[in-house]
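Residue numbers (this note's numbering), protein chains in the order written: chain A, 4 to 480; chain B, 4 to 480. We put the CB at the ideal spot given by N, CA and C, even for glycine. Model, not experiment: these values are computed from the prediction. Take a look at the structure below.
2 protein chains.
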Amino acid sequence: MKKLADIQHNFVDWYQDVIFEAELVDSSPTKGCYVLRPYGFALWENIQKILDKEIKKTGTQNAYFPLLIPESFITKEKKHVEGFSPELAVVTHAGGEKLEEAYVVRPTSETIIYHMFARWIKSWRDLPLKINQWANVVRWEMRHRAFLRSVEFLWQEGHTAHATHGEAVEMAQQALAIYKKLLEHYYAIPVISGMKTESEKFAGAERTYTLESLMPDGKALQMCTSHVLGHSFPESFDVRFQDDKGTMQVPHCTSWGLTTRTIGALVMMHGDQQGLIIPPRLAPIQAVIIPIYKTAAEKTAIIQKANEVAQHLQNANIAVHVDLNENDSPGAKFYAWELKGVPVRIELGPKDLEKNHVVMVNRAEADKTKKKQFVPCDNLITTIQALFDTIHEQLYQKALQRIQQQWHQADALSDFAHALENENGLYQTGWCGDAACEAQLKEHKGTIRCRYHENAHITCFYCKKPSVTDVLIAKSY
Amino acid sequence: MKKLADIQHNFVDWYQDVIFEAELVDSSPTKGCYVLRPYGFALWENIQKILDKEIKKTGTQNAYFPLLIPESFITKEKKHVEGFSPELAVVTHAGGEKLEEAYVVRPTSETIIYHMFARWIKSWRDLPLKINQWANVVRWEMRHRAFLRSVEFLWQEGHTAHATHGEAVEMAQQALAIYKKLLEHYYAIPVISGMKTESEKFAGAERTYTLESLMPDGKALQMCTSHVLGHSFPESFDVRFQDDKGTMQVPHCTSWGLTTRTIGALVMMHGDQQGLIIPPRLAPIQAVIIPIYKTAAEKTAIIQKANEVAQHLQNANIAVHVDLNENDSPGAKFYAWELKGVPVRIELGPKDLEKNHVVMVNRAEADKTKKKQFVPCDNLITTIQALFDTIHEQLYQKALQRIQQQWHQADALSDFAHALENENGLYQTGWCGDAACEAQLKEHKGTIRCRYHENAHITCFYCKKPSVTDVLIAKSY
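Listed below in structure tokens is the structure:
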């Protein structure tokens, strides 16, 4: 196996090394596309299971819309086409012939979904209409990094229509709240919630809510977004309903999505020099059992016990794997499963068998004196479940502390421009709301990640006029 | 709501009417593509859940491969390109530019998956490698019918590599056995298992196993297939492994898939003049509760009881819906839920409340004297679970009997050609194995659906030479 690049001094290469070596992904012959290998895809399946359940609790139903969208649809919403047309992949030929009208491979599905909404929504009785789709989308990006930025990626996209603006705002916020809980409670990633500025919002949206986080290298990553679309798309696609007084109205719409990109965030946020650390509540393998033996007699007894322990854990819905590979030493196995980020390792040798206990090892604990514990076999389930919670909390707190350390209060661009450019980090400051001031950040490679709910700063970071809102500024992925 | 076309005299229009009226699908602005509406997609989700579990039990792991495949890949396996090139959708432009090499939207993923297998398989220790993908695929067909034949459809595709031919055959048969159980035990569709002829097998396969069924109109429908690919694809994509003696070998591969097409079969197989009948083990809504009341006092009491009953059923994992819609009469609700094929209707009125029972109605039972039963509220779970099994068995047996009635033994094409052309049906006969005899069926619009395991016929249906195998002949979807 390849040695991982140094995480402190070469974070970019470390990321690349770890996702390939841990077999989350592989490169593919399709430009900018990656194969999600079984271990990486299993992680996405776990995320899907949790998120799908939460989405359904809101009364949202899954459906499936065509991959190929008539090219003319994309141009119907003016801002949408400006935002997406440089990134479109276009099917011009099919069935051996040139098509009369080309199709684009969906970069997102607002256009085709609102076309359908126009057929399905007639009366206020048809509202709210809440639809979600799990799908692949294609955006022809030029720079690629697996999970973080790829031509094809997987996501869910929620699309809803409501009778009132207030209900739409509430839905967009509810989606964001679901994402926040998912990211904090399962990914162990602390997130900051805020609103995008006019220049950073989704092409066609009235308002874009975002969850941002700060990676260990001090660059921000947009985790997911939720948009109040208002009337833009419904008007472009002639979606109308008759209200309870018989008047024709335009519904208020939302869309919201979370992608495989969040797996990239998880890798960066928790990994270390030994490899991945996967938070226990999402881990495809939560515990790996390594049998340790020398003689044939020991081997029989140890493997039997290992399988018993595994069965016991499986019965409590713990995802466990017994590593029975005979070609590798226990040491090599430790190394391989650390690389893959399995949160708990269980060692079982002849002495452990004698004492009817196992050794439980916490992947996330760096302190060697705290890393291991002996656990009586009668106590496995409660101990490992507590350990999962401990590991989750350790990962979350470590990430939170790091973000807090890199979160700076600043008054004037001149004060933080140098640091932003050279040391990254998150800068909270005041803003007058003017796009011209925002544009000044470009030459320092920063952007406003979001408007932040505090008003701790009185003047704009650039023009010094009164601030209308605090903003968070950072370089970003 | 639209009246459904007559199922006896106009089966084609009835099918079209029922899938649209029951809101399984809608047409879309993309040629030959359909929207899977929430009710139709929920059915697919139920199928996925069951099948995914069974696939994983075989040690197969899910993964995800790129949607877009370099055009040159498709041409690497000679028979494969002949089979698929007329149906390809091609991305020629992306990111605002003409691409140097075009990409095809995957019609199936053998080519890109074997390219990856060549990187992942080095030694006999890497085998067997068993991968499955849930995905959308695109085939530019010219005639379209929702579920049965559409440009884009959803499926799973399993792809495996093995050290020996025997293991590959076993895997392909295991996949077929999983499909057979799924179709018979969940869809309530009797299937016939057999092998495709040379001219009907998958483009690039050594051998194609198939499950066929016969629809009520006497036309056969291919439910799913499982292929022993042998060395064809692995050789074209340079997949090699070192065996345990150090010799380089080519692995033996399989692929197998089941698509949303099977939903079309389910609709045709079980539906009646009132609409869909969804087999209970797959139904998104297994039971619908209709509260019946006149006065406000009745309403309060009945709705409270209806919700109690619903909660009780939900606790036993039964998918139940209470229809609280105030705009429709109970009669209109009966009609609407019959159209949607919900297998059990529960009626709850003031007299039922008084007697602490409900009325349970079996959607699949035509005999009015047997259709309804009074069920004491203490007995709901056991009764409804038994009723689900009864309905499943009724649907299966009814389908089986119909298939048996349409299954004819025949010796010579001249004897059954007229019936095949005019009355459809399944014809079991002998075959010499010669493609020239098989080709004679074309002018009668029939094909050999599969080689059948019996040898009940001595001579070929056309040339009268000795038969090498019985075959089943029918028109097909």
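Interface criterion met: the Cβ of His-118 (chain B) is under 8 Å from a Cβ in chain A.
Using a Cβ-Cβ cut-off of 8 Å, Glu-329 (chain B) does not count as an interface residue toward chain A, since no Cβ of chain A sits closer than that to its own. Of all residues in the stretch 87 to 102 of chain A, the ones placed with a Cβ closer than 8 Å to any Cβ belonging to chain B are Ser-88, Pro-89, Glu-90, Leu-91, Ala-92, Val-93, Val-94, Thr-95, His-96, Ala-97, Gly-98 and Gly-99, in chain order. Here Thr-63 (chain B) is buried. Its C-beta has 16 or more other C-beta atoms within 10 Å. When the five nearest sequence neighbours on each side are left out, the beta carbons in the same chain lying within less than 6 Å of the beta carbon of Leu-398 (chain A) are those of Ala-191, His-273, Pro-282 and Ala-367, in order along the chain.
Sequence-ordered contacts of the stretch 178 to 204 of chain A with chain B are nonexistent [C-beta pairs closer than 7 Å]. Between Gln-431 (chain B) and Tyr-465 (chain B) a beta carbon distance of about 15 Å is seen, past the 8 Å cut, so the two are scored as non-contacting. When the five nearest sequence neighbours on each side are left out, the beta carbons in the same chain lying within less than 6 Å of the beta carbon of Arg-454 (chain A) are those of Gly-197, Met-198, Thr-472 and Val-474, in order along the chain. Taken through DSSP and simplified to helix, strand or coil, Asp-29 (chain B) comes out as strand. Interface annotation for the stretch 28 to 39 of chain A against chain B: Asp-29, Ser-31, Pro-32, Thr-33, Cys-36, Val-38 and Leu-39, criterion Cβ-Cβ distance under 7 Å. Looking at the DSSP output, His-96 (chain A) sits in a beta bridge with A:Lys-101 and B:Val-93. Residues Glu-341 of the same chain have their beta carbon placed closer than 6 Å to that of Gln-277 (chain B), with the five preceding and five following residues left out of the count. In this structure Val-253 (chain A) touches His-234 (chain A) by the C-beta definition: roughly 5 Å separates them, less than 8 Å. Taking Phe-14 (chain B) as reference, the option from B:Ile-50, B:Met-271, B:Ala-304 and B:Phe-68 with the minimal CA-CA separation is B:Met-271. Within a 10 Å sphere around the beta-carbon of Ala-319 (chain A) sit fewer than 16 other beta-carbons, which makes this residue exposed. Comparing C-alpha distances from Thr-167 (chain A) to each of A:Leu-130, A:Ala-178, A:Glu-203 and A:Val-194 shows the shortest one belongs to A:Leu-130. In this model, Pro-69 (chain A) and Ala-97 (chain A) are separated by some 16 Å (Cα to Cα). Neighbours of Phe-44 (chain B) across chain A, judged by C-beta separation under 7 Å: Asn-65, Ala-66 and Tyr-67.
Only those residues of the stretch 47 to 59 of chain B whose C-beta falls short of 7 Å from the nearest C-beta of chain A are listed: Glu-48. Under the three-state reduction of DSSP output, Ser-479 (chain B) falls in the strand class.
Annotation for Phe-156 (chain B): Thr-262 and Thr-263 place their beta carbon closer than 6 Å to its own, counting only its chain and skipping 5 residues before and after. Not a single C-beta of chain A is nearer than 8 Å to the C-beta of Ile-293 (chain B). DSSP, read as helix, strand or coil, puts Asp-370 (chain A) in coil. Residue pairing by DSSP puts His-360 (chain B) in a beta bridge opposite B:Pro-379. Remark: three or more beta-carbon pairs, one from each stretch, lie closer than 8 Å, so the stretch 334 to 351 of chain B and the stretch 291 to 300 of chain B are flagged as touching. The Cβ of Pro-110 (chain B) sits no closer than 8 Å to any Cβ of chain A. In this structure, the straight-line span from the alpha carbon of Ala-477 (chain B) to that of Pro-346 (chain A) is close to 57 Å.
DSSP places His-421 (chain B) in no beta strand (DSSP E) but in the uninterrupted alpha helix (DSSP H) bounded by 416 to 426. Residue burial is scored here from C-beta neighbours: Lys-34 (chain B) has at least 16 other C-beta atoms within 10 angstroms and is therefore classed as buried. Beyond the five residues adjoining it in sequence on each side, Val-172 (chain A) comes within less than 6 Å, by CB distance, of Val-231 in the same chain, given in chain order.
Where Ile-58 (chain B) is concerned, there is no enclosing beta strand (DSSP E), although the alpha helix (DSSP H) around it starts and stops at 41 to 60. Of the other Cβ atoms in all chains shown, 16 or more fall within 10 Å of the Cβ of Pro-237 (chain B); this residue is therefore buried. If you look at Glu-350 (chain B), you'll find it in the beta strand (DSSP E) that goes 347 to 351. In the DSSP assignment, Gly-161 (chain B) falls within the beta strand (DSSP E) that extends over 155 to 165.
Met-363 (chain B) is a Cβ neighbour of Ile-387 (chain B), given a cutoff of 8 Å. Taking a Cβ-Cβ cut-off of 7 Å, Leu-316 (chain A) has no neighbours in chain B, whose nearest Cβ is about 18 Å from it.
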